[in-house]
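In my numbering, the protein residues as written are 24 to 343.
Accompanying notes for the structure given below.
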Amino acid sequence: MSQQEIKPITLMGATASGKTEAALGLARLLGGEIISADSRQVYKRLTAGTAKPDGAWRGEGAERAYIVEGVPYHLVDFLDPKSSYDAASFAADAHRLIKEIKSRGKVPVIAGGTGMYVQALWSGLDPLPPADQAVRAELTAFAEKEGRPALHARLTALDPEAAARIPVNNIQRVIRALEVIRISGKKISELWTGRFHDALPTHLSRFIVLSWPKKDLVERVRARTLTSFVRWEAETRALLDDGYPDDCPALKSLGYPQMIDYIRGAADQAGTAGKIVRVTMSYAKRQATWFGRYRNVPRVDASSPAGLLPENLLKTEEAA
RNA sequence: GCCGCGGUAGCUCAGUGGUAGAGCACCGGUCUGAAAAACCGGGUGUCGCUGGUUCGAUCCCAGCCCGCGGCA
């Protein structure tokens, strides 16, 4: 098989939908390596709370890789919890890895629940300037002092078209639009090309969305939350003990704020676990909404007996 | 048994003689370098039951049922 004929497979699905299991099955069947598209599993030390696949770093130098059940699993467990990562960095890293994996004659299997990362990887981003944390800090301080309407008013003055599309309270997007003007001197509304559409390029990759009935998914989330709770508490406590602030990027991840409240005695265990299940299901709904936009991508009922088996996933793909 | 208080959304409660609201929960959606982020939208209800007064009752009146507290 020539390199050109190796087509990556991209698995998407809500949290706890079985993406890791499915990806490992496909990688073993086809001879593949996995690239995680998960904005939280990138962090070192966030393991139980992110359901990071159980693996270990092996090898040296260029050969060094995180190995899960014998399969290289890329873009997990490499970033300090105080560091930031983003969709553009992910897309660049993933494109580089896809090329490398193909050069080894292996099949790239991209698996993840971060819809924004999948979108950035396969549909690309407009040529906007990169993030600037100093600019963001300054604009955040302004909003805290003068209020969000005042910040939004600044955007209305500089880029009325963008301001009309961004709600006053959506502080992050208001800041981003102002950041673009500050750095590039151009309006974000003029840099948008409309490439953010509701279809994925199936000539570049095979895409599969894993879906579950909500009543089954909530049981999986509940079970996972309960079995990981003690380890999750321990890893969170260790991060706090080592001086990581509550608001560092990693600790703002889903469930960690609730775990921090629990550690500080502000909530009991049952209540905390229940709250975490709720915020997780709320996230799963947002993921389902995101992936639901891709009308040209087949969906697999992962709850069926053969649901996550690689042969079943490939068969469904062909039928679509 | 008597006295008092209460019964309104899934939960905790507010409220009005013109068929009703909040918080949480729940449901739906948005998404261009923070995306497990940041937001937007939706009330989902025999106002305990049965009568009475009234043009009109969730509200006022009576009886009943249920819960809580007190007295026996």
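For each residue, glycine too, the CB sits at the ideal point set by N, CA and C.
Can you tell me whether DSSP reads residue i as helix, strand or coil?
i, result
"Val320", "coil"
"Phe314", "helix"
"Tyr66", "strand"
"Leu102", "strand"
"Ser40", "coil"
"Arg287", "coil"
"Pro152", "coil"
"Pro272", "coil"
"Trp215", "coil"
"Ala74", "coil"
"Gly147", "coil"
"Ala329", "coil"
"Ser251", "helix"
"Glu334", "helix"
"Ser305", "helix"
"Met24", "In this prediction, Met24 scores a pLDDT of 49, lower than 50, which makes its location untrustworthy; no coordinate-derived value is stated."
"Leu162", "helix"
"Leu240", "helix"
"Lys210", "coil"
"Leu52", "helix"
"Gly138", "helix"
"Leu277", "coil"
Where does residue i land, buried or exposed, given buried means 16+ other C-beta within 10 angstroms?
i, result
"Ser234", "buried"
"Asp270", "exposed"
"Ala343", "Unreliable placement is indicated for Ala343, whose pLDDT of 45 sits below 50; the coordinate value is still reported in the next sentence. With fewer than 16 Cβ atoms within 10 Å of its Cβ, Ala343 is classed as exposed."
"Pro268", "exposed"
"Thr216", "exposed"
"His118", "exposed"
"Met24", "Because the pLDDT of Met24 is 49, which lies under 50, any placement of that residue in the model is unreliable, and the number read from its coordinates should be weighed accordingly. Classification for Met24: exposed."
"Pro333", "buried"
"Arg287", "exposed"
"Ser62", "buried"
"Ala74", "buried"
"Lys338", "exposed"
"Pro328", "exposed"
"Met35", "buried"
"Gly93", "exposed"
For the alpha helix (DSSP H) holding residue i, just list the boundary residues, first then last.
i, result
"Val197", "194–207"
"Ile189", "Looking at the DSSP string, Ile189 is not in any alpha helix (DSSP H), and its letter there is neither H nor E."
"Ala114", "110–126"
"Pro224", "Pro224 -> no alpha helix (DSSP H), and no H or E assigned at all."
"Leu181", "171–181"
According to DSSP, which residues form a beta bridge with residue i?
i, result
"Arg229", "Ile32"
"Tyr89", "Trp80"
"Ser234", "Asp324"
"Tyr96", "Ile57"
For the beta strand (DSSP E) containing residue i, name the first residue and the last one.
i, result
"Val132", "130–135"
"Gly55", "55–59"
"Pro268", "Per DSSP, Pro268 belongs to no beta strand (DSSP E) and is neither H nor E."
- Inter-stretch contact at 8 Å, needing at least 3 Cβ pairs: the segment 29–38 / the segment 120–133: yes
- Okay, do the segment 132–141 and the segment 161–179 touch, 3+ Cβ pairs below 8 Å being the bar? no
- Query: Are the segment 298–306 and the segment 237–253 in contact at 8 Å, needing three or more beta carbon pairs?
  - Reply: yes
- Query: Would you call the segment 311–328 and the segment 92–111 in contact, with 3 or more CB pairs under 8 Å?
  - Reply: No: the two stretches stay apart, fewer than three of their Cβ pairs being nearer than 8 Å.
- Would you check if there are 3 or more beta carbon pairs closer than 8 Å linking the segment 147–163 to the segment 50–62? Taking one beta carbon from each stretch, the segment 147–163 and the segment 50–62 have fewer than 3 pairs nearer than 8 Å; the two do not touch.
- Inter-stretch contact at 8 Å, needing at least 3 Cβ pairs: the segment 67–74 / the segment 271–280: At 8 Å Cβ cutoff, the stretches touch.
- Do the segment 206–223 and the segment 139–153 make contact, defined as three or more Cβ pairs closer than 8 Å? yes
- How about the segment 188–208 and the segment 158–169: do they share at least three Cβ pairs that are nearer than 8 Å? yes
- Message: If contact is defined by three or more beta carbon pairs under 8 Å, each pair taking one atom from either stretch, is the segment 74–90 in contact with the segment 160–171?
- Response: no
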